[in-house]
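Report on the structure given below.
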């Protein structure tokens, strides 16, 4: 019994002691890190110039180390929270808190006076070239342009070197940290639900974001006018600035809410609506804000209304968005699936994964190089990769790519949020104006409301599966602002207006992430949103269907009498459009781009025979007999399938199918269905499942 | 039969057509990319300054895109080579060839004249601060120091903007690309073989590298003297420069050879010797070169011999190397294993992987921040992680971390090699001197010979398992120069001497990678190096042992009579030292840091009871009865185990163990062995395997 005793006490002690020890270790490392930062500068005098770069590199390492340790601390605490099942604070909220704490220490705890040598040299020249050659007593040094600094900043900058050191180039967020986040969102989009609610999602993303942007812009303009009246405005603030603010705070970030949704297995339609909306409205907000910035009337006063300029901005919006969309979809669908389809790359998973990664990255770079928006392109690239390329990958590579982008997303996201916390204290040009802040909170709230409720009402006119009022409240509540809003607002903080926007945006993000994010669980139970489908899924899963796979039964609208679960039925919006798209995708795109789908030789007209044979992969013939189309469950319209299990009977409206007989040869059934003018498309999964269970038992 | 026909013809056509199509696609993309690059500059005039940064960003994207597409092309061709089993050209050699081609196009095909606005502004000032504020008609712009440019470069730089654009900051290699490569090397070191040949590896790495460095340095100094005599030297070239050259070309890179070894499953001892040597001598070369640079006599002439300065350099070498080593080992072993041991992080693989990644990265940053060498620290960090932390990870995270670093290593390596090819044409200050080049090739050859042959002779005096002469020839042949040599030589190309070194180094790398790398298969068969152990392994594997796992039987020295395979026996060098280390590691470090090993309560003296109980993980008690020590197969000395399978009999010298009876309780046997004064340590794997097979059948 002695051993059991030791074991128990060891376990107890280790649990409680670990976090303490670890936190102490990390705090010690952090302080070492600060010390290193501090020590550099004092020793910096009378050293030759060459060494300066080395010193600066050491300091950069130390600065970066601060962030890495911050992230480590965050991860450990996340673990503790997950372990204890705390749900009132999400990891991103936590990252912000740690960022805030370190920010306070950096701001008030450490003061590193700026090295005098660094300040100097306001050589007066005529232009600001990207590269500058400086002649220092015969030796030439090359300098690169970092950016403009406002006049009042010049003195600030000299104040505290430390704060300046931990300030990253804002472009880092756009070019390094956001792309993996956005790509991951696209890549992990639950496609079935996404396509099923496509109409509503597009409406929320496009109409909703624009509405929200203008409402916020107008309200803020009123607010700014008020401030001008009472003399609280310390600089220029134009209507375009207000609209810009509207655009950036219209980008919602669902990470917190969706993480909880995922854990609680909340209704999949709500999940798809929220996720799809927030992913797409990020893209819309980016393009919208850049076209607002591009608004330049030709007259002297550059902030008046001018129809031509508005039209031009609108044109830019359309051009950039569609360009980025086309680029993201086209480059990927033209190269990556073909590469993975025709080469036997699947034998070498490392090559496959590397190729996948490089192709996705090159889409981003290509979009940026062509003047489109890389972030938008990468989103659609992710969706396309998931839709086509993913099916061609070997199972190992499917796991690898998923895990890789999951990791990159996790690191980037937590980095951004902890940086957000940090920057509240380390950013040196905050402009906090109470009126503006109150106005912003109010208008953000109203803008979200003006987005969700009217649109839901309009959409409900067309949807059979209505967006119920508690769903609407939940969507209203889940309008958090996050990484994208932050990245957009920090991108340019040169003017007074932009600085005020940045400070206010930070507060909006903090508030929504902590309050709305933390209250999700409560809100869900308050709105009586239960995991209705999830329960069914779980039940089915127990029977034998794998719900993790994309082709789970969750897309079916089950009607189960005796269990008392609500009867649900759906009418897809604009189903004919999707049926068209689905037919095209299934018959032509899928066979061309992937191994799945019917062989092209069967779907293309006879005259295209040679081409069809050339484009069809050998596997397609082998697959022909099988049901191997993961995404065939796109549409299920008009027909209601009612499924009772226990004693299995599936009935499609009117006709009752008795299994073991009719459904044994599912592919035949499906072929008929296609002919029945889209009356119903039985989900491949149900078929599989039934084949496995019912048919075998028959 | 029609379908079969279509299938076959489709398969044939797709195979042949794919590469053509893909190459065309990629070439098209590359040219688009070049166009974008070209178009930027011509439109760059009369645009406001703010837009310039944007343009520059677009251009950067296009430049980076060139490299990404290059890598993609490389991957596709690698696939083709692997598919067709071409072994005469390794992927790195291929990457270099593509790099060369693109370099030629950039150099001679595209001429982008430098924008006039960019050239300007040699404002004469007294110092070169890290940050420069420039006052442009009232607005302030911030510039950051990029580096010194030699006077003759100033005019060159203006010549072709394109070439300048594709030139990366040399520090990128050291701070971004090399760390994952080196970490991966450490993490994937086959530890068993590494530790078994530790003495020889250390001798080759330390003594060998220093010998090679000085021999090359001396020979090159002679060469330089000769050049001075006949007036071919166009600038200063001191003895320290020669030594520096010796240091950088002494870093061998085994990727090419080892890849082939791995494929052919060549002798594990040779593999371990080569891999261990090249991994460690990278570290030695880095530190050696930096201490040669630090050599600064106090007198007027800074290139005379001065004992104090030499001692100081030696001190720096020792200090930096041991500092980096200690930091790499200490930070990891103090934090990461504890974190993974005491927290139940293994339930959340994403967190675990992220933490692992961050801890490894922070080791690099910490070393850099403290003024040590991050690359060296990261190597030992990798070894430590593999030795301790790896055992605590969940199986999923073990896979994830391995795959992650494998991918990073692959991408970084191919990037470096393709950049190498590119830079042969795009670097603008090449100094090719025939005498220097011939001298360099000769001295590299002689330096390697003076490293391998004398050391092998000396080591063979102490080794029972001699390094045979064909192994020595193979090691001589496998002394390729690669990424590390390149990164060291490109780091500083400011002076004439350094430029000549850089150009020559490039040629050495090209030659060794193409000729030595390509000829490995021939050389192996020429030297009659067969996969002797590999065959055995394969046989055993067939029987039931998994050779992929770390605890494979390959470490055992098998003596198989009837099969006619050579009888091999080993005497470990300085076995007592390793036995000491092994005992310490097994009894104290492993139990403290991981879940494996005996519980501390058993190994520590009774007085440390509470401490031992606190530090022992709950799992250790559970594992106590089992054999769960993956690395217990470190030492197998003095005793010969002969194993005949077919009818299984294992005999340890003198005593014959008949299985099914004595070996059923393997842990008991082991316990006795430990007591028998290190007479023999039966490999846990053999035991496991026997337990599985022999004992079950008994």
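Protein chains in written order, with UniProt numbering: chain W, 1 to 698; chain Y, 1 to 698. Even for Gly, the Cβ is constructed at its ideal location relative to N, Cα and C. Computed from a predicted model, the values in this text were never measured in an experiment.
query: Go ahead and label residue 108 of chain Y buried or exposed: buried means 16 or more other beta carbons lie within 10 angstroms of its beta carbon, across all protein chains shown.; result: exposed
query: Count the other CB atoms within 10 Å of the CB of residue 408 of chain W; is the residue buried (16 or more) or exposed (fewer)?; result: buried
query: Taking Cβ to Cβ, would you say residue 384 of chain W is nearer than 8 Å to residue 356 of chain W?; result: no
query: Consider the Cβ of residue 410 of chain Y: report whether some Cβ of chain W lies at a distance smaller than 8 Å.; result: yes
query: Just the C-alpha distance for residue 104 of chain Y and residue 425 of chain Y, rounded to the nearest angstrom, thanks.; result: 6 Å
query: For residue 98 of chain W, does the three-state DSSP call read helix, strand or coil?; result: helix
query: Which chain W residues sit within Cβ distance under 7 Å of residue 95 of chain Y?; result: The premise fails here: residue 95 of chain Y is roughly 12 Å from chain W at the closest Cβ pair, so nothing lies under 7 Å.
query: Taking the continuous alpha helix (DSSP H) assigned at residue 439 of chain W, which residues delimit it?; result: 434–462
query: Can you give the Cα-Cα distance for residue 594 of chain W and residue 364 of chain W, rounded to whole angstroms?; result: 23 Å
query: Determine the burial state of residue 227 of chain W: buried for a count of at least 16 other Cβ atoms within 10 Å of its Cβ, exposed for fewer.; result: buried
query: Whose C-alpha, out of Y:527, Y:439, Y:467, Y:352, is nearest the C-alpha of residue 245 of chain Y?; result: Y:439
query: Using 8 Å as the threshold, is the C-beta distance between residue 270 of chain W and residue 474 of chain W below it?; result: yes
query: So is residue 84 of chain W in contact with chain Y if we call contact Cβ pairs under 8 Å?; result: no
query: Anyone know if the C-beta pair for residue 418 of chain W and residue 69 of chain W falls short of 8 Å?; result: no
query: Could you name the residues of the same chain whose beta carbon sits closer than 6 Å to that of residue 367 of chain W, not counting the 5 residues immediately before and after it, in chain order?; result: 324, 327, 374, 377
query: Does the beta carbon of residue 230 of chain Y sit closer than 8 Å to a beta carbon anywhere in chain W?; result: no
query: Should the region 388–404 of chain W be called in touch with the region 461–468 of chain W, which here means at least 3 C-beta pairs below 8 Å?; result: no
query: Looking at the structure shown, is residue 295 of chain W part of a helix, part of a strand, or coil, going by DSSP?; result: coil
query: Between residue 359 of chain Y and residue 436 of chain Y, which are expected to be in contact by the criterion C-beta below 8 Å, what is the C-beta distance as a whole number of angstroms?; result: Between residue 436 of chain Y and residue 359 of chain Y the Cβ distance is about 44 Å, and since that is not below 8 Å, they are no contact.
query: Are residue 446 of chain Y and residue 215 of chain Y touching if we call contact CB-CB under 8 Å?; result: yes
query: Taking C-beta pairs closer than 8 Å, name the residues in chain Y that residue 72 of chain W reaches, listed in chain order.; result: 355, 358, 359, 362
query: Can you list, in chain order, the residues of its chain with a C-beta nearer than 8 Å to that of residue 528 of chain W? Leave out the 5 residues immediately preceding and following it.; result: 470
query: If you compare alpha carbons, which of Y:232, Y:421, Y:285, Y:278 is closest to residue 96 of chain Y?; result: Y:421
query: Look up residue 252 of chain Y in the DSSP assignment and say whether it is helix, strand or coil.; result: strand
query: Roughly how many whole angstroms lie between the Cα atoms of residue 521 of chain W and residue 285 of chain W?; result: 28 Å
query: Counting contacts by CB-CB distance shorter than 8 Å, is residue 602 of chain W in contact with chain Y?; result: no
query: Is the CB-CB distance between residue 241 of chain Y and residue 478 of chain Y below 8 Å?; result: no
query: Under 7 Å Cβ to Cβ from residue 329 of chain W, same chain only, skipping five residues before and after it: list those, please.; result: 380, 384
query: For the candidate residues W:505, W:485, W:351, whose alpha-carbon lies nearest to that of residue 281 of chain W?; result: W:485
query: With a threshold of 16 other CB atoms inside 10 Å of the CB of residue 220 of chain W, please say whether the residue is buried or exposed.; result: buried
query: Using a C-beta cutoff of 8 Å, does residue 382 of chain W count as contacting chain Y?; result: no
query: Between Y:291, Y:382, Y:189, which has its C-alpha nearest residue 262 of chain Y's C-alpha?; result: Y:189
query: Cβ-heavy atom distance between residue 237 of chain Y and the ligand MG below 7 Å?; result: Looking at this structure, you won't find the ligand MG or any other ligand, since it has none at all.
query: Answer yes or no: does any C-beta atom of chain W fall closer than 8 Å to that of residue 348 of chain Y?; result: yes
query: Using a Cβ-Cβ cut-off of 8 Å (strictly less than) and excluding sequence neighbours within five positions of residue 10 of chain Y, which residues of its own chain qualify?; result: Note that residue 10 of chain Y scores a pLDDT of 43, beneath 50, so its modelled location is shaky and nothing firm can be said.
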